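J.:
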Amino acid sequence: MPHNLSRCFALPDTPLLVGIKQQNANGQRISDWTNNPDNCAAHWAEEEQFILAHLIPLLLCGEQSAQLVFNQEITRLFSQSTVENQSMVNSLIEVEEDESRHDQALQWILQHLPIVPTQKKIQGQARLFYAKLGRGEGRCQHFIKIAVLDACVTQIMHEFEHSSLGVSHPFAVLCGLIKKDEAKHVYVAKHYAQALGATPSMFKSEQVAVCKSLHKLLSSQNQHFAALGVELARVFNALEAKWQ
Ligand SMILES: [Fe+2]
Ligand SMILES: [Fe+2]
0 MPHNLSRCFA LPDTPLLVGI KQQNANGQRI SDWTNNPDNC AAHWAEEEQF
50 ILAHLIPLLL CGEQSAQLVF NQEITRLFSQ STVENQSMVN SLIEVEEDES
100 RHDQALQWIL QHLPIVPTQK KIQGQARLFY AKLGRGEGRC QHFIKIAVLD
150 ACVTQIMHEF EHSSLGVSHP FAVLCGLIKK DEAKHVYVAK HYAQALGATP
200 SMFKSEQVAV CKSLHKLLSS QNQHFAALGV ELARVFNALE AKWQ
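Throughout the sequence shown, residue numbering follows numbering that gives the first Met the number 0, covering 0 to 243 in sequence.
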């Protein structure tokens, strides 16, 4: 059953480029989650479905954007493949594969949620946010932003994992798994940005800026985060304090 929303960002032309499927243990857990009918969102409480119908488009857009960014970078590196960058290429491939699994899991959820009137508007705002993130920037700056963004996403996933849904709710379980991948992505994107010349002061200036604009994007759904016990102001204050 297709859901109401078209993709936020196109699938890469050459998805999962090399065909060396690097299924890691966490990736296997996410694939298993997605293939398990017990996790189907159709079984979730009506109120939970309504809340998540507003929040999933925000998350989904990020997964689709990240897939495209990593795919483009892998394609670029492949054309200049050297022994030195092979392990970096492998790390980037692993991230693209992770994002693809996150995308599929979230799409499967969305397919079984009600269509809410503001869904397209929410998706549009998210698309704009991610498109702006990469616009007119050098690759180094872009990967700094991705590292910062994924650090924020790691925290948001942690909040969902420990939200009022309860830790054994299928969505909480999925968010706990995605959180593990995102923490790894922070590491990969950070190292990649450093290889492209990023300095600590460059990270510092992006931390506040990216954090603020993500907070603004998510704030439009404040009430739905709050309904799950996730107070965005507290989450973002804690992130900013950590980076001061
Ligand atoms: Fe992701
Ligand atoms: Fe990520």
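By construction, the Cβ of each residue, glycine as well, lies at the ideal position given by its N, Cα and C atoms.
Note that the coordinates shown come from a computational prediction; the quantities given were computed from them, not determined experimentally.
1. Going by alpha carbons, who is nearest to Val187 out of Leu91, Pro11, Phe8?
2. Rounded to the nearest angstrom, how far is the Cβ of Leu109 from that of Val209, given a contact under 8 Å?
3. Where do the N-terminal and C-terminal ends of the alpha helix (DSSP H) with Gln63 fall, by residue?
4. Contact between the region 47-54 and the region 194-214: three or more CB pairs below 8 Å?
5. In angstroms with no decimal places, state the Cα-to-Cα distance between Trp32 and Asn25.
6. For Ala197, which residues of its own chain have a beta-carbon under 6 Å away from its beta-carbon, when the five flanking residues on both sides are left out?
7. According to DSSP, is Gln140 part of a helix, a strand, or is it coil?
8. Ligand 2 and Val152: does any heavy atom of the ligand fall closer than 8 Å to the residue's C-beta?
9. Under 9 Å, do Leu227 and Ala125 count as touching if we go by C-beta distance?
10. Quick one: what does DSSP say Cys151 is sitting in, helix, strand or coil?
11. Can you check which of these residues, Ala192, Glu160, Ala104, Glu45, is closest to Asn35 by C-alpha distance?
12. Taking the runs of the alpha helix (DSSP H) that are 4 residues or longer, which of them lie wholly in the region 173-228?
13. Leaving out five residues on either side along the sequence, give the residues of the same chain with a beta carbon under 6 Å from the beta carbon of Pro169.
14. Less than 8 Å between the CB atoms is what I'm expecting for Ser218 and Leu231, so what's the real figure, rounded?
15. Ignore the nearest five residues each way along the sequence and tell me which others in Pro11's own chain have a CB closer than 7 Å to its CB.
16. Among Phe235, His111, Glu72, which residue has its Cα nearest to the Cα of Ala150?
17. Put Ala171 into one of helix, strand or coil per three-state DSSP.
18. Closer than 6 Å by C-beta to Val185: which residues in its own chain qualify, once you throw out the five before and the five after it? Chain order, please.
19. With respect to the alpha helix (DSSP H) encompassing Glu93, which residues constitute its N-terminal and C-terminal limits?
20. Going by the beta-carbon positions, is the gap between Lys178 and His157 smaller than 9 Å?
21. Measuring only the C-alpha atoms, how far is Gln206 from Gln122?
22. Report yes if the CB atom of Val229 is closer than 9 Å to the CB atom of Phe159, and no otherwise.
T.: By the coordinates alone:
1. Leu91
2. Actually they do not touch by this definition, with Cβ atoms about 25 Å apart.
3. 45-78
4. no
5. 10 Å
6. Cys139, Ile143
7. helix
8. yes
9. no
10. helix
11. Ala104
12. 199-218, 221-226
13. Asn38
14. 6 Å
15. Gln66, Leu67, Asn70
16. Phe235
17. helix
18. Ala146, Asp149, Ala150
19. 85-110
20. yes
21. 24 Å
22. yes
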